[in-house]
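Residue numbers (this note's numbering): 264 to 834.
For each residue, glycine too, the CB sits at the ideal point set by N, CA and C.
Data first, discussion second: the structure below is written as structure tokens.
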Amino acid sequence: MTSSPSLGQFVEEKKGARKQKRKQGGFYGRNSRSEPPTGQSTGYLYFCLADYELWGRINSLHELTDRIHKSEFLVLGPGAPLIAPVGKEAVLPCHLSPETDAEDMQVTWFRMDPLALVHRYATSQDHLEDQSPEYRGRTEFLKENINTGQVALRIFPTLPSDGGEYRCLFASSTFSNEAQFKVLVTASGTAPQIHIDPGDFGEMKLTCTSMGWYPKPEVQWTDLQGQHLTPYFETKTAAENGLLHVETSVTVNTKSRVVSCIIRNPVLSEEKEAQISLSAVSITFCVHFVRTRSNQDSLQKQLVIHLVSEFIRKAMRKVSHYTAPTPGHHSVDISFLVNSLFPDRERESLKEKLKRKKITYGEMLTEKTMFKKSGQWIMQLTAQDYGLEIFMGVEKDIILDEDTAHPFLQLSEDRKYVRCVQKKKDVPDNLKRFDTHLAILGKNNFFAGDHYWEVDVEWKNRWEIGLCVNSVTRKGDISVCPENGFWALSLENNEYRALSTPPSILNVSEPPIVVGIFLQYEKGLISFYNVTDRSLVHTFKGIFTKPLKPYFYLGPRTMGNTAGLHITSIK
264 MTSSPSLGQF VEEKKGARKQ KRKQGGFYGR NSRSEPPTGQ STGYLYFCLA
314 DYELWGRINS LHELTDRIHK SEFLVLGPGA PLIAPVGKEA VLPCHLSPET
364 DAEDMQVTWF RMDPLALVHR YATSQDHLED QSPEYRGRTE FLKENINTGQ
414 VALRIFPTLP SDGGEYRCLF ASSTFSNEAQ FKVLVTASGT APQIHIDPGD
464 FGEMKLTCTS MGWYPKPEVQ WTDLQGQHLT PYFETKTAAE NGLLHVETSV
514 TVNTKSRVVS CIIRNPVLSE EKEAQISLSA VSITFCVHFV RTRSNQDSLQ
564 KQLVIHLVSE FIRKAMRKVS HYTAPTPGHH SVDISFLVNS LFPDRERESL
614 KEKLKRKKIT YGEMLTEKTM FKKSGQWIMQ LTAQDYGLEI FMGVEKDIIL
664 DEDTAHPFLQ LSEDRKYVRC VQKKKDVPDN LKRFDTHLAI LGKNNFFAGD
714 HYWEVDVEWK NRWEIGLCVN SVTRKGDISV CPENGFWALS LENNEYRALS
764 TPPSILNVSE PPIVVGIFLQ YEKGLISFYN VTDRSLVHTF KGIFTKPLKP
814 YFYLGPRTMG NTAGLHITSI K
């Protein structure tokens, strides 16, 4: 706005304007004198003074209005809902329009339902004394461009509970405004797995499981033609970390050819699918020997005899009415198995052992046994009389969780190998991360069932491996024992220990190169095996009520302990 004219200037301007007006007809009429009538000069001056006062008031009003308009602003947030993956970072941007320096303003983020103070910035610094506890240690105010009114809030790691409506409030000394937007937190879970269980005659029960979803996913069964199949059971259970574990079951006729389980993320419109061809299923055995005898070759032969005889006896009892292959049923040529395993000189011994099982050698060589069971349905045979455990189709793909790794731990790209490094890594300090204990957890969560995996511990003289509950303490010094939610085996000072209370020193005849870990959740058992000599090392017994995660401790980087731990592939 321009400054107000002086009184003299204002009067002269008015006189000039009136003279010009008189030339066009005058203020006092067309025939009036060129000057004001005698005696009117004083009145004329008062008229000019009144005009000047009004002018000043109008000018002041314009200046005030201009100042008010300059202090007003709009706050603009994201134009669409923000999608924030669980475990990653979420950046919530806001800016002023028109561009305005916000350095001296107060900037506050709120989540509306439930109401929470997410972050507050004022007097050029963060004010977090009233910050909601669920956001503590997870927010960062990004203010590189605050002089143009552009700021953002970083939340890391994103939790399922972070979703909802947010407001970003800017407040100056004279004005305030806010933007409103939504944050959609999401996670796509693991690839679905289909398990097959025996049903009634002519049917199969298919169970599809997957974990790590958010929000509730859409679940669907379809056949080869894309027709929907109605599940008879479906559950979506929240884990301790807020992510959902999905389990759904359907019963199908054995004549069905292809069945698919599809799980869809409604936020990302992302689907994960498992498909099973029922016409191609077959019985497979994955036998793992875990206790040795003096003669391993003989022991293995005995186990095979036991398995073969039990296999045939149970299978023939269930399907003895079959005389020829039918669609969807597949034969196992037992004679091929026996003739391949046993030379002529050992078959007589086999005949004697089979007699005890009431199956003749002739039956074994001639019968083609039919099965309506398939795929991952494995007969749960346990050769207790030989002191053996048999694992069938329960091996798990364990992936390391980098968000839990101590800053001195380095992971391989495939997240199967971890080692201790000399230089501390620049990683965010989140609630999940170990900060003192040189440890890391697996991403897997086990809520139920049997699970087996193996860890290569070669070239290390200090380690701990096992399982723990997801809620274990991860900050400061940690005592690893069942009372604190850990079930682990350790090596230290050339001694193998079960980390119970107190720790138990174990008698291990041959140092393991690979250690096998077998969780039986419902039975409350965690067993450790020396895969090198196929022996059982130790078993913890308890009652599990919370999800369990694989646990790995590498020990300090010292001479003889520079190697890492490797989750091996099971062959």
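Proximity of the region 795-807 to the region 764-781 meets the contact definition, three or more beta-carbon pairs being nearer than 8 Å. A direct Cα-Cα distance of roughly 42 Å separates Gln-673 from Phe-496. Rounded to the nearest whole angstrom, the CA to CA distance from Asp-713 to Leu-754 is 25 Å. Here Gly-779 is actually not in contact with Val-681; their C-beta atoms are around 18 Å apart, not less than 8 Å. Taking the Cα positions, Val-657 is about 10 Å away from Leu-782. If you compare the alpha carbons of Cys-524, His-508, Thr-402, Ala-501 with that of Leu-487, the shortest gap goes to Cys-524. DSSP places Thr-411 in the helix class (H, G or I) of the three-state scheme. Burial state of Arg-374 is buried, judged by a 10 Å Cβ sphere holding 16 or more other Cβ atoms.
With a cutoff of 8 Å on beta-carbon distance, Trp-726 and Leu-817 are scored as near each other.
The Cβ atoms of Lys-706 and Asp-677 lie no closer than 8 Å to each other. When the five nearest sequence neighbours on each side are left out, the beta carbons in the same chain lying within less than 8 Å of the beta carbon of Leu-405 are those of Val-354, Val-414, Ala-415, Leu-416, Arg-417, in order along the chain. Short of 8 Å from the beta carbon of Glu-466, and not among the five residues preceding or following it, lie these beta carbons of its own chain, in chain order: Thr-514, Val-515, Asn-516, Thr-517. The beta carbon of Thr-764 sits closer than 8 Å to those of Cys-744, Pro-745, Glu-746, all from its chain and outside the five residues before and after it, given in chain order. For the options Asn-757, Ser-540, Tyr-814, the alpha carbon positioned closest to that of Glu-717 is the one of Tyr-814. Rounded to whole angstroms, the gap between the alpha carbons of Asp-719 and His-829 is 5 Å. Residue Gly-412 holds the alpha-carbon nearest to the alpha-carbon of Leu-432 among Ser-424, Gly-412, Arg-797, Ser-451.
8 Å or more divides the Cβ of Lys-695 from the Cβ of Phe-671. Under the three-state reduction of DSSP, Asn-747 is assigned to helix.
The Cβ atoms of Gly-823 and Gly-805 lie no closer than 8 Å to each other.
CA-to-CA, the gap between Ile-457 and Gly-340 works out to about 43 Å. Between the alpha carbons of Tyr-384 and Tyr-784 lies a distance of about 48 Å.
Membership of Phe-419 in any beta strand (DSSP E) is not indicated, and neither H nor E is assigned to it by DSSP.
Take Thr-485, set aside five residues on each side of it, and the residues of its chain with a beta-carbon closer than 7 Å to its own are His-491, Leu-492, Ser-523, Ile-525, in chain order. Assigned with DSSP and collapsed to three states, Asp-389 falls in strand. Residue pairing by DSSP places His-829 opposite Tyr-680, Asp-719 in a beta bridge. Two segments are said to touch when three or more pairs of C-beta atoms, one from each, lie closer than 8 Å; by this definition the region 442-461 does not touch the region 388-399.
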